[in-house]
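There are 2 protein chains.
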Amino acid sequence: MKKYEGYLIDLDGTLYRGSEMIPDAVEFIKRLQQAERRYLYLTNNSSRLPEQVAERLRAFGFPAKPEQVYTSALATANYLKEELSSPYVYVIGEEGLKRAIEEAGCTLTENNPEVVVVGIDRQFTYEKMKKASLFIRQGAQLIGSNPDKALPTEIGLLPGAGSLIAAIATATGVKPLIIGKPEPIILRYALEKLGSSPENTLIIGDNLETDILAGVNSQIDTLLVYSGVTTPEMYEHSSISATYQVASLSEWTI
Amino acid sequence: MKKYEGYLIDLDGTLYRGSEMIPDAVEFIKRLQQAERRYLYLTNNSSRLPEQVAERLRAFGFPAKPEQVYTSALATANYLKEELSSPYVYVIGEEGLKRAIEEAGCTLTENNPEVVVVGIDRQFTYEKMKKASLFIRQGAQLIGSNPDKALPTEIGLLPGAGSLIAAIATATGVKPLIIGKPEPIILRYALEKLGSSPENTLIIGDNLETDILAGVNSQIDTLLVYSGVTTPEMYEHSSISATYQVASLSEWTI
Numbered sequence: 027m028k029k030y031e032g033y034l035i036d037l038d039g040t041l042y043r044g045s046e047m048i049p050d051a052v053e054f055i056k057r058l059q060q061a062e063r064r065y066l067y068l069t070n071n072s073s074r075l076p077e078q079v080a081e082r083l084r085a086f087g088f089p090a091k092p093e094q095v096y097t098s099a100l101a102t103a104n105y106l107k108e109e110l111s112s113p114y115v116y117v118i119g120e121e122g123l124k125r126a127i128e129e130a131g132c133t134l135t136e137n138n139p140e141v142v143v144v145g146i147d148r149q150f151t152y153e154k155m156k157k158a159s160l161f162i163r164q165g166a167q168l169i170g171s172n173p174d175k176a177l178p179t180e181i182g183l184l185p186g187a188g189s190l191i192a193a194i195a196t197a198t199g200v201k202p203l204i205i206g207k208p209e210p211i212i213l214r215y216a217l218e219k220l221g222s223s224p225e226n227t228l229i230i231g232d233n234l235e236t237d238i239l240a241g242v243n244s245q246i247d248t249l250l251v252y253s254g255v256t257t258p259e260m261y262e263h264s265s266i267s268a269t270y271q272v273a274s275l276s277e278w279t280i
Numbered sequence: 027m028k029k030y031e032g033y034l035i036d037l038d039g040t041l042y043r044g045s046e047m048i049p050d051a052v053e054f055i056k057r058l059q060q061a062e063r064r065y066l067y068l069t070n071n072s073s074r075l076p077e078q079v080a081e082r083l084r085a086f087g088f089p090a091k092p093e094q095v096y097t098s099a100l101a102t103a104n105y106l107k108e109e110l111s112s113p114y115v116y117v118i119g120e121e122g123l124k125r126a127i128e129e130a131g132c133t134l135t136e137n138n139p140e141v142v143v144v145g146i147d148r149q150f151t152y153e154k155m156k157k158a159s160l161f162i163r164q165g166a167q168l169i170g171s172n173p174d175k176a177l178p179t180e181i182g183l184l185p186g187a188g189s190l191i192a193a194i195a196t197a198t199g200v201k202p203l204i205i206g207k208p209e210p211i212i213l214r215y216a217l218e219k220l221g222s223s224p225e226n227t228l229i230i231g232d233n234l235e236t237d238i239l240a241g242v243n244s245q246i247d248t249l250l251v252y253s254g255v256t257t258p259e260m261y262e263h264s265s266i267s268a269t270y271q272v273a274s275l276s277e278w279t280i
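Order-wise, the sequence lines are chains C and V.
All letters in the first sequence, in the order written, are residues 27 to 280 by this note's numbering.
All letters in the second sequence, in the order written, are residues 27 to 280 by this note's numbering.
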């Protein structure tokens, strides 16, 4: 098996499941540390700040600093800064997304924004949909932080950012630009932050349609781990191919 | 030109435009009355009660009684009663939809419903999306009152029922059953109420994707009127064919 310099590692389903930690995953991250490999925790969840994500990881026993966390919120903010020169933005989203966008020098506004950004927002209302629709029909660009249709929680699968984006895309007839996995934008920024090339990096995740497809879309090798949403049977019937598959991260030699 | 016994007539864009009445349309309805033709006012809008729709029509000068109004709310309620024996229903919608469903003998509930009905709801929230998603994942059927993606209003095009339905369909991965135009269900019930056969009925409307497609889908002749959202140029580029077209209803001989 090839040796990789850099690792991009998914969180939920890969390192933990809801509130349950995965012991083999903690051991795996400790091995990465000892071997002095570069790694980033890479998540499509835009709701939390990197500090909050790192704290949650540490509570599970993972060594994690805020600067080792890269979220779709940070990637969206980076895109707004680098490609759109920190525009005026109307945000449908939670703290992690709003804060990241403000820290990228953008102005949050409800008055004539150049861009509408949509992420998960558990305070979503018709009023917000209406504002977003009118801004987009007046010419604002529609950007979605991540395409996840549903979020696994203790009470079941709840609507994800992708379903809010679908509502606004349907209301306006506008196709959104999506930043998070499996799209190439978040991968490009994550690799830059990691300081690693696509050839020398491995993406690890449990989700075929986000983690593994991200690798396929950006020509980065992938390791599918059967600790989350994908079963070996689902993988057999899927058209998405992972470079490697393991039942547990304990099987992976760094 | 063929003579028709029954008429199914769209409202917004056909009889009035927002708050502006269309004088030729008032004359046309009066001619229908004098000729003793059967007609129904047929609308995808599920928010208002038939009494409220009739009142609005009378305010514009149209002769209109509540029993001459057929809405997607009434068709949805009728479907629930006739096809699903008045089940327990969770409704995302406004007064017109909730009242029609209750009057069809259904019980509105937030506890283990058999059906989730989604229509326009200007009090739509994430909390409602979440409940609907969980009910559908537990096996409830998803029914949409009407597929309209956007609603024309004085301040611009606002999100319609179709965009709320898209959010819930995306969150659950479930394809909704749609009742309103252009689907056949509303047309079947409207013809029953009118007491007219498909061959002897004409659908009049301004919208290719709802009114005219409804006729195409149910083999009913259609009259496209250029007083609303469709221009002759748009019609030329469309794949949907109307039986007849007029600039104004004054051109139509009953």
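Every residue gets a Cβ at the ideal spot worked out from N, C-alpha and C, and that includes glycine.
Close Cβ partners of residue i (< 6 angstroms) along its chain, the five nearest in sequence each way excluded
i: V/N243; result: P208 and P210
i: V/Y16; result: Nothing can be reported for residue 16 of chain V: it is not among the residues displayed for chain V, which extend from 27 to 280.
i: C/L190; result: V144 and F150
i: V/D50; result: S274, L275 and S276
i: C/R74; result: G122
i: V/V79; result: V95
i: C/E77; result: P92
i: C/P224; result: Q245 and I246
i: C/A268; result: I238, T248 and L250
Residue i (DSSP reduced to helix, strand or coil)
i: C/Q271; result: strand
i: V/P178; result: strand
i: C/T227; result: strand
i: V/M27; result: coil
i: V/T69; result: strand
i: C/Y114; result: strand
i: C/R74; result: coil
i: V/P208; result: coil
i: V/P185; result: strand
i: V/D237; result: helix
i: V/R63; result: coil
i: V/A122; result: For clarity, residue 122 of chain V is Gly in the given sequence; the question names Ala instead. Note: V/G122 maps to helix in three-state DSSP.
i: C/I55; result: helix
i: C/V143; result: strand
i: C/Y261; result: helix
i: C/Q167; result: strand
i: C/L83; result: helix
Best match in the options for proximity to residue i [C-alpha to C-alpha]
i: C/S159; options: V/I146, V/K29, V/I162 and V/L184; result: V/L184
i: C/L213; options: C/Y30, C/I246 and C/E235; result: C/I246
i: C/A126; options: C/G199, C/Y152, C/E136 and C/S98; result: C/S98
i: C/I118; options: C/S223, C/I238, C/E136 and C/H263; result: C/E136
i: C/L217; options: C/A240, C/T236 and C/V255; result: C/A240
i: C/W278; options: C/P258, C/T198, C/Y252 and C/S265; result: C/Y252
i: V/E180; options: V/R43, V/Y30, V/I55 and V/M27; result: V/R43
i: V/I162; options: V/G199, V/L177 and V/D147; result: V/G199
i: C/A90; options: C/M260, C/L58 and C/S111; result: C/L58
i: V/M47; options: V/F88, V/S111, V/V255 and V/Y65; result: V/F88
i: V/G182; options: C/A187, C/A197 and C/P178; result: C/A197
i: V/I146; options: V/E120, V/E128 and V/A130; result: V/E120
i: C/L41; options: C/K28, C/I55 and C/K29; result: C/I55
i: C/P178; options: C/G188, C/E109, C/K201 and C/V255; result: C/V255
Cβ neighbours of residue i in the same chain (closer than 7 angstroms, five flanking residues each side left out)
i: C/P113; result: L106, C132, E140 and V141
i: C/A193; result: M155
i: C/L215; result: For the record, residue 215 of chain C in the displayed sequence is Tyr; it is not Leu. Excluding sequence neighbours, C/Y215 sits near A101 and N104.
i: V/E15; result: Only positions 27 to 280 of chain V appear in the structure, and residue 15 of chain V is not among them; the question remains open.
Amino acids of chain C, ordered along the chain, whose beta-carbon sits closer than 7 angstroms to that of residue i
i: V/Q149; result: Y152
Contact list for residue i against chain C, beta-carbon separation under 9 angstroms
i: V/A176; result: S159, R163, T196, A197, T198 and G199
i: V/P185; result: Y152, M155, K156, A158, S159, A193, I194, T196, A197 and T198
Within chain V, the residues that residue i reaches when beta carbons sit closer than 9 angstroms
i: C/S189; result: M155, S159, A192, A193, I194, A195, T196, A197 and T198
i: C/G206; result: Result: empty, since nearest Cβ-Cβ is about 15 angstroms, beyond 9 angstroms.
Residues that residue i contacts on chain V, provided the C-beta gap is smaller than 8 angstroms
i: C/G119; result: Chain V residues near C/G119: none, gap ~12 angstroms exceeds 8 angstroms.
Contacts that residue i makes with chain A (C-beta to C-beta distance below 7 angstroms)
i: C/G182; result: Checking the listed chains, one finds no chain A in this structure; the protein chains it contains are C and V.
Same chain, Cβ closer than 8 angstroms to residue i, neighbours up to 5 away in sequence not counted
i: V/Y116; result: L134, T135, E136, P139, V141, V142, V143, K157, A158, F161 and A166
i: C/H84; result: In the sequence as presented, His is not what sits at residue 84 of chain C; that position holds Arg. Hits under 8 angstroms: A90.
i: C/K219; result: L66 and Y96
i: C/R64; result: E31, G32, Y33, L220, G221 and S222
i: C/I266; result: L234, E235, I238, L239 and V242
Proximity test, residue i beta-carbon vs the ligand MG heavy atom, cut-off 7 angstroms
i: C/E136; result: For the ligand MG, the structure offers nothing, since it holds no ligand at all.
Does the region 164-178 of chain C come within contact of the region 65-73 of chain C, defined as at least 3 CB pairs closer than 8 angstroms?
-> yes
With contact counted as at least three CB pairs below 8 angstroms, one residue from each stretch, are the region 33-51 of chain C and the region 227-239 of chain C in contact?
-> yes
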